[in-house]
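A short worksheet on the structure shown next.
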Amino acid sequence: MRPLEDVRIVSLEQYGAGPFGSVHLADLGAEIIKVEDPRTGGDVGRYVPPFADGEDSLFFETFNRNKRSISLDVTAPAGRAVFEDLVRASHAVYSNLRGDVPAKLGIRYEDLAGINPAIVCCSLTGFGMTGPRATQPGYDYVLQGLAGWMELTGEPGGPPTKSGLSLVDYSGGLVAAIALLAGVHAARRDGVGMDCDLSLYDTAVGMLTYPAVWHLNGGFQPARTHHSAHPSLVPFQVFEAQDGWLVVGCAKEKFWRRLATLLDGVAGTALAADPRFATFGDRHRHATILLALLEDAFATRTVAAWLADLQPAGIPCGPVNDVAAALADPHTVARGLVVETDHPHFGTVRQPASPVRVGTDPVPHRRAPRRNEDAGYVLHDVLGYDDTRVAALTAAGAFGPPA
Numbered sequence: 232m233r234p235l236e237d238v239r240i241v242s243l244e245q246y247g248a249g250p251f252g253s254v255h256l257a258d259l260g261a262e263i264i265k266v267e268d269p270r271t272g273g274d275v276g277r278y279v280p281p282f283a284d285g286e287d288s289l290f291f292e293t294f295n296r297n298k299r300s301i302s303l304d305v306t307a308p309a310g311r312a313v314f315e316d317l318v319r320a321s322h323a324v325y326s327n328l329r330g331d332v333p334a335k336l337g338i339r340y341e342d343l344a345g346i347n348p349a350i351v352c353c354s355l356t357g358f359g360m361t362g363p364r365a366t367q368p369g370y371d372y373v374l375q376g377l378a379g380w381m382e383l384t385g386e387p388g389g390p391p392t393k394s395g396l397s398l399v400d401y402s403g404g405l406v407a408a409i410a411l412l413a414g415v416h417a418a419r420r421d422g423v424g425m426d427c428d429l430s431l432y433d434t435a436v437g438m439l440t441y442p443a444v445w446h447l448n449g450g451f452q453p454a455r456t457h458h459s460a461h462p463s464l465v466p467f468q469v470f471e472a473q474d475g476w477l478v479v480g481c482a483k484e485k486f487w488r489r490l491a492t493l494l495d496g497v498a499g500t501a502l503a504a505d506p507r508f509a510t511f512g513d514r515h516r517h518a519t520i521l522l523a524l525l526e527d528a529f530a531t532r533t534v535a536a537w538l539a540d541l542q543p544a545g546i547p548c549g550p551v552n553d554v555a556a557a558l559a560d561p562h563t564v565a566r567g568l569v570v571e572t573d574h575p576h577f578g579t580v581r582q583p584a585s586p587v588r589v590g591t592d593p594v595p596h597r598r599a600p601r602r603n604e605d606a607g608y609v610l611h612d613v614l615g616y617d618d619t620r621v622a623a624l625t626a627a628g629a630f631g632p633p634a
């Protein structure tokens, strides 16, 4: 058995943040039953361009492999009855909606405890279910601005800059997955479920980490750095070579000694014996002088030439790859970081694997579900409904307006 094969999660999830969190649980074997609203065409991620056709999109495939789908209108009495039966048969209810929506839909622990006292209600929202912003929609781009990330990103003097990836969304999904697992563990131990109130805002502020601690305790004012330099470790940044860019970092004194010796021998510098650069503190104080010398040195050779010397010397370094190069890197291949599924519209779909690894058994992968594809399994196998019951629920609008 895979680690989470005995966990069933009813998920009212959409777009990226929520599905990104649960896809890792699905890869670990958890049964994720996506409840999709038939009135709106289900998860909006199904329609995200440019690689989209009808209800199929590569965006949706990215976040929903190994899951199941049922169309269910939880706002209709008949649909609510089916949802509550799913709650009885599950360990967690997972959602990523606006902060006031879990209460409106009745998917908090206080709403569901009478149905299943051990149910874990995990809500990942933009701003949480409390606080002055609770009713506001929260999106990654907005959160990167609010939480100070964009002010820290980019070149000095340039405009506020968003990360190239939706890192608040993805980090929030992982935080929610951790909370859900902790909640299920506690509920199994104690027999009592709970709410897990997660938010993208909390995640983004929490990830300010040591710059926030420096500010709160030492008055530190974070500022953008030239060439993405580390705020205190010098050198640790990107350098431009003859034909591209590379990252070189000296997070320990031994790395600096190795780098200085190498540059003195290859580029004719005189860094190793220079007292201005002897320690972390010295290099930080004389960063402007040192970085100018390093930039001149690295500009004399190609990226490949530098890496051929830096890597054997044990100096932290790497090329600045584009996406294509990153996906084709030999280490990506060796680690099995691209997986394949078969899709009726897209054919073979290749996508990044989950980095979450538990044990050594290979992880099987199944394409993302078509909307309502698993209705038969959910209604008959999970809930034990017979055809008469399903027909009555259909007529009552549980699965959308009756035909």
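Note that the numbering used here has the sequence shown beginning at 232, numbered continuously upward.
Note that the Cβ used here is the ideal one computed from N, Cα and C, for glycine as well.
- Message: Pull the bridge partners of MET425 from the DSSP assignment, please.
- Response: Numbered from its first residue, the sequence shown carries residue 425 at position 194. MET425 is bridged to VAL351.
- Query: Within this structure, are the beta carbons of ARG296 and ALA257 separated by less than 8 Å?
  - Reply: Here residue 296 is taken as the residue at index 65 of the sequence shown, counted from 1. Here residue 257 is taken as the residue at index 26 of the sequence shown, counted from 1. Yes, they are a contact pair.
- Message: If the criterion is Cβ atoms closer than 8 Å, does the pair GLY422 and PRO348 meet it?
- Response: For this step, residue 422 is matched to residue 191 along the sequence shown. For this step, residue 348 is matched to residue 117 along the sequence shown. Yes, Cβ-Cβ distance for GLY422 and PRO348 is below 8 Å.
- Query: Are VAL551 and VAL609 close, meaning C-beta to C-beta below 8 Å?
  - Reply: For the purposes of this step, residue 551 is taken as residue 320 along the sequence shown, with counting starting at 1. For the purposes of this step, residue 609 is taken as residue 378 along the sequence shown, with counting starting at 1. Not closer than 8 Å, so no.
- Message: Taking only three categories from DSSP, how would you classify ALA454?
- Response: Start at 1 with the first residue of the sequence shown, and residue 454 comes out as number 223. In the structure shown, ALA454 falls within a coil segment according to DSSP collapsed to helix, strand and coil.
- Item | Proximity winner among ARG489, GLY389, LEU502, relative to ALA454 (alpha-carbon distances) | On the sequence shown, residue 454 is found 223 positions in, with the first residue counted as 1. Each of ARG489, GLY389, LEU502 was checked against the Cα of ALA454, and the nearest Cα belongs to GLY389.
- Query: Are the Cβ atoms of ALA435 and LEU521 separated by less than 8 Å?
  - Reply: In the sequence shown, the residue the question calls residue 435 occupies position 204. In the sequence shown, the residue the question calls residue 521 occupies position 290. No.
- Is it buried or exposed for TYR441, if we count other Cβ within 10 angstroms and need 16 for buried? Mapped onto the sequence shown, residue 441 falls at position 210. By the neighbour-count criterion, in which a residue is buried when 16 or more other Cβ atoms sit within 10 angstroms of its Cβ, TYR441 is exposed.
- Backbone secondary structure at ILE520 - three-state DSSP: Along the sequence shown, one-based indexing puts residue 520 at 289. ILE520: helix per DSSP, three-state reduction.
- Taking the C-alpha atoms as reference points, what is the distance between ASP371 and ARG516? By 1-based counting over the sequence shown, the position of residue 371 is 140. By 1-based counting over the sequence shown, the position of residue 516 is 285. In a straight line, the C-alpha of ASP371 is about 36 Å away from that of ARG516.
- In chain order, what residues of the same chain lie with their CB nearer than 8 Å to the CB of ALA261, ignoring the 5 residues before and after it? As a position in the sequence shown, residue 261 is number 30, starting the count at 1. Closer than 8 Å at Cβ, skipping near neighbours: LEU235, GLU236, VAL238, ARG239, ILE240, SER253.
- Alpha carbon to alpha carbon, how far is LEU405 from PHE470? Give it in angstroms, no decimals. Within the sequence shown, the letter at position 239 stands for residue 470. Within the sequence shown, the letter at position 174 stands for residue 405. Rounded to whole angstroms, PHE470 to LEU405 spans 32 Å at the Cα level.
- Message: Any contact between the segment 523–541 and the segment 491–498? By contact I mean 3 or more CB pairs, one from each, below 8 Å.
- Response: The segment 523–541, when compared against the segment 491–498, does touch it at the 8 Å Cβ threshold.
- Starting from HIS322, trace the beta strand (DSSP E) both ways and give me its first and last residue. On the sequence shown, position 91 is the one that residue 322 refers to. HIS322 -> no beta strand (DSSP E), and no H or E assigned at all.
- Within the segment 517–556, ranges of the beta strand (DSSP E) (whole runs, at least 3 residues): At a cut-off of 3 residues, the continuous stretches assigned as beta strand (DSSP E) that sit fully inside the segment 517–556 are 548–550.
- Message: Tell me which residue opens and which closes the beta strand (DSSP E) that PHE358 is part of.
- Response: What you label residue 358 is simply residue 127 of the sequence shown in a count that begins at 1. No beta strand (DSSP E) contains PHE358, which DSSP labels as neither H nor E.
- Query: What separation, rounded to the nearest whole angstrom, lies between the Cα atoms of LEU259 and ALA503?
  - Reply: Position 28 of the sequence shown, counted from the start, is the residue given in the question as residue 259. Position 272 of the sequence shown, counted from the start, is the residue given in the question as residue 503. Looking at the two C-alpha atoms, the distance is approximately 49 Å.
- Item | Beta-carbon gap between ALA629 and ALA307 smaller than 8 Å | Looking up residue 629 in the sequence shown gives position 398. Looking up residue 307 in the sequence shown gives position 76. Closer than 8 Å, so yes.
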